[in-house]
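Structure first, then comments.
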Amino acid sequence: MTPERLAAFWVYLQTGPLLWLTLTLAAYGLVQALARRARFHPLVNPVAIAVALLVAVLVLTDTPYARYFEGAQFVHFLLGPATVALAVPLWRHRAAVREALVPMAIALFAGSATAVLSAVAIARLLGASRETIVSLAPKSATTPIAMAVAEKLGGLPSLTAVLVIATGILGAMTAGPLLDRLRVREPRARGLAIGLAAHGIGTARAFWESPLCGTFAGIAMAANGVATALLAPFLLAWLR
Amino acid sequence: MVYDFLLLLSFQLLGELLVFSLALPVPGPVLGLLALFLLCLVLGRVPAGLEGTAPALLSHLSLLFVPAGVGVMLHLGRIAAEWWAILAAVLLSTWLAVAVTGTILARLLPRSAAPSEGLP
Numbered sequence: 027m028t029p030e031r032l033a034a035f036w037v038y039l040q041t042g043p044l045l046w047l048t049l050t051l052a053a054y055g056l057v058q059a060l061a062r063r064a065r066f067h068p069l070v071n072p073v074a075i076a077v078a079l080l081v082a083v084l085v086l087t088d089t090p091y092a093r094y095f096e097g098a099q100f101v102h103f104l105l106g107p108a109t110v111a112l113a114v115p116l117w118r119h120r121a122a123v124r125e126a127l128v129p130m131a132i133a134l135f136a137g138s139a140t141a142v143l144s145a146v147a148i149a150r151l152l153g154a155s156r157e158t159i160v161s162l163a164p165k166s167a168t169t170p171i172a173m174a175v176a177e178k179l180g181g182l183p184s185l186t187a188v189l190v191i192a193t194g195i196l197g198a199m200t201a202g203p204l205l206d207r208l209r210v211r212e213p214r215a216r217g218l219a220i221g222l223a224a225h226g227i228g229t230a231r232a233f234w235e236s237p238l239c240g241t242f243a244g245i246a247m248a249a250n251g252v253a254t255a256l257l258a259p260f261l262l263a264w265l266r
Numbered sequence: 042m043v044y045d046f047l048l049l050l051s052f053q054l055l056g057e058l059l060v061f062s063l064a065l066p067v068p069g070p071v072l073g074l075l076a077l078f079l080l081c082l083v084l085g086r087v088p089a090g091l092e093g094t095a096p097a098l099l100s101h102l103s104l105l106f107v108p109a110g111v112g113v114m115l116h117l118g119r120i121a122a123e124w125w126a127i128l129a130a131v132l133l134s135t136w137l138a139v140a141v142t143g144t145i146l147a148r149l150l151p152r153s154a155a156p157s158e159g160l161p
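Top line first, the protein sequences correspond to chains A and H. The opening position of the first sequence corresponds to residue 27 in the working numbering, with each subsequent residue numbered one higher. The opening position of the second sequence corresponds to residue 42 in the working numbering, with each subsequent residue numbered one higher.
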């Protein structure tokens with residue numbers, strides 16, 4: 027293929043979702059292989075590395091994010107059905123859930139309020155701008171929920187998405203060792219804590235600890251999504 | 042596989058419909074999750090194909106966050122200017138939330154369920 031034909035092919039690829047969808051899956055596949063080699067060490071976070079690789083490619087090829095997203099949106103869309111699919115592990119572990127219903131509700135409420143209030147308070151203390159503070163408030167909720175909350179409160183939804191994912195990555199990396207230090211070994215308590223603070227990325231991590239831990243993380247992710255949507259407007263108004 | 046997907050999407054759609062018609066402050070997929078759970082309760086089992094499809098989809102949950110994460114490139118300027126406040130807020134607040142949630146549930150849980158393993 028001549029350079030002219032190659033350039034024409036590049037231009038042609040920009041008209042459809044094929045290239046960026048393929049590269050998103052390829053980056054993920056590569057990083058999964060890497061994570062497996064590192065025996066799923068929490069610091070080798072697949073999302074962080076895949077994002078870094080893709081940003082590098084986009085910057086080097088001078089591709090705007092909007093064009094990338096035209097391809098990647100098909101992957102992004104699956105967040106919805108995946109959330110619905112959490113009903114299956116929830117059903118499977120219903121006995122363990124039923125037994126712990128009231129303690130879970132208390133822990134979820136306390137954790138959810140802590141996540142919103144502490145993020146806002148710390149960012150404000152360190153002089154972050156208003157938009158950044160509002161965008162940070164729902165950072166522990168899962169992406170679609172957090173973006174909707176930020177939009178309603180006057181934050182930047184796309185910044186919130188990034189902060190949510192950064193929270194998920196850092197939470198997935200550090201929650202396990204932190205819970206070890208606090209001597210929290212009960213899988214349900216670990217799962218609930220990881221899923222509440224680090225939503226789906228934490229849940230993915232928690233499923234690797236054990237199915238029971240992952241299920242409780244999934245419950246916490248769903249419950250904290252709802253709780254953040256309900257609590258964040260009040261907490262932010264109260265802090266102002 | 043196709044029918045399992047149809048089922049998941051239908052429940053998501055049902056969730057969105059409920060949110061829209063009742064003006065609920067909750068995202069559609071979360072209500073879809075609850076509705077599918079109710080269906081499992083009524084049936085007494087997970088709808089046939091979902092037994093395999095749901096875990097397969099959930100095993101690649103982290104992939105689904107990659108496209109939104111790449112959006113970081115839109116905000117590099119703001120992050121460079123406020124990275125200290127952002128990093129501190131995200132990290133400390135995440136640790137606080139993990140510690141509060143984990144210790145409260147660990148204290149309140151009935152002792153009946155034995156921890157899965159012994160000491161690490």
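All residues carry an ideal CB built from backbone N, CA and C; glycine is no exception. Just so you know, these numbers come straight off a predicted model, no measurement behind them.
As assigned by DSSP and simplified to three states, the class of residue i
i        : result
H:Leu162 : Shown here, chain H extends from 42 to 161; a query on residue 162 of chain H therefore has no answer.
A:Glu212 : coil
A:Met173 : helix
A:Gly137 : helix
A:Pro203 : helix
A:Phe242 : helix
A:Thr28  : coil
H:Met212 : Because chain H is modelled from 42 through 161, residue 212 of chain H falls outside the range shown and cannot be assessed.
H:Pro68  : coil
H:Arg119 : helix
H:Met42  : coil
H:Val87  : coil
A:Gly251 : helix
H:Gln53  : helix
H:Leu105 : helix
A:Ser184 : helix
A:Ala64  : coil
H:Pro96  : helix
H:Gly159 : Any reading at H:Gly159 must be qualified, since the residue scores a pLDDT of 42, below 50, and its modelled position is unreliable; the value itself is stated next. In the structure shown, H:Gly159 sits in coil (DSSP, three-state: anything other than H, G, I, E or B).
A:Pro237 : helix
CB-CB length for residue i against residue j, believed under 8 Å
i        : j        : result
A:Val175 : A:Ala258 : 5 Å
A:Leu105 : H:Leu105 : 5 Å
A:Gly240 : A:Thr168 : The pair is not a contact, with the Cβ atoms about 15 Å apart (cut-off 8 Å).
H:Val67  : A:Ala255 : 6 Å
H:Ala130 : A:Ala145 : 5 Å
Residues that residue i contacts on chain A, provided the C-beta gap is smaller than 9 Å
i        : result
H:Val87  : Ala113, Val114, Trp117 and Arg118
H:Ser134 : Thr140, Ala141, Val142, Leu143, Ser144, Ala145, Val146, Ala147, Ile148, Ala149, Leu162, Lys165, Ser166, Thr193 and Ala223
H:Leu98  : Leu104, Pro107, Ala108 and Ala111
Neighbouring residues, chain A, relative to residue i (Cβ below 8 Å)
i        : result
H:Met114 : Val81, Leu84, Val85 and Tyr91
Neighbour list for residue i in chain H, Cβ cutoff strictly below 7 Å
i        : result
A:Val210 : Gly143, Thr144 and Ala147
A:His67  : Within chain H, no residue comes near A:His67; the closest Cβ sits about 14 Å away, beyond 7 Å.
A:Thr340 : The question about residue 340 of chain A has no answer, for chain A in this structure spans 27 to 266.
A:Pro129 : Leu146, Leu149 and Leu150
A:Tyr94  : Val111
A:Ala187 : Ala109 and Gly112
Interface partners of residue i on chain H, CB under 9 Å
i        : result
A:Pro43  : Correct list: empty, because the minimum Cβ distance to chain H is about 11 Å.
A:Gly181 : Under the 9 Å cutoff, chain H gives no residues; its nearest Cβ is about 12 Å from A:Gly181.
Residue i beta carbon near the ligand NAD (any heavy atom closer than 7 Å)
i        : result
A:Ala163 : The ligand NAD is not part of the structure shown, which contains no ligands of any sort.
Contacts of residue i in chain A (Cβ-Cβ under 7 Å)
i       : result
H:Ala64 : Going along chain A, no residue has its Cβ under 7 Å from H:Ala64, so there is no contact; the nearest lies around 13 Å.
Item to check | Complete alpha helix (DSSP H) runs within the region 143-168 of chain A (minimum length 4 residues, chain order) | outcome: 156-162
Item to check | Uninterrupted alpha helix (DSSP H) stretches inside the region 71-131 of chain A (no shorter than 4 residues) | outcome: 72-86, 91-103, 105-111, 113-118 and 120-125
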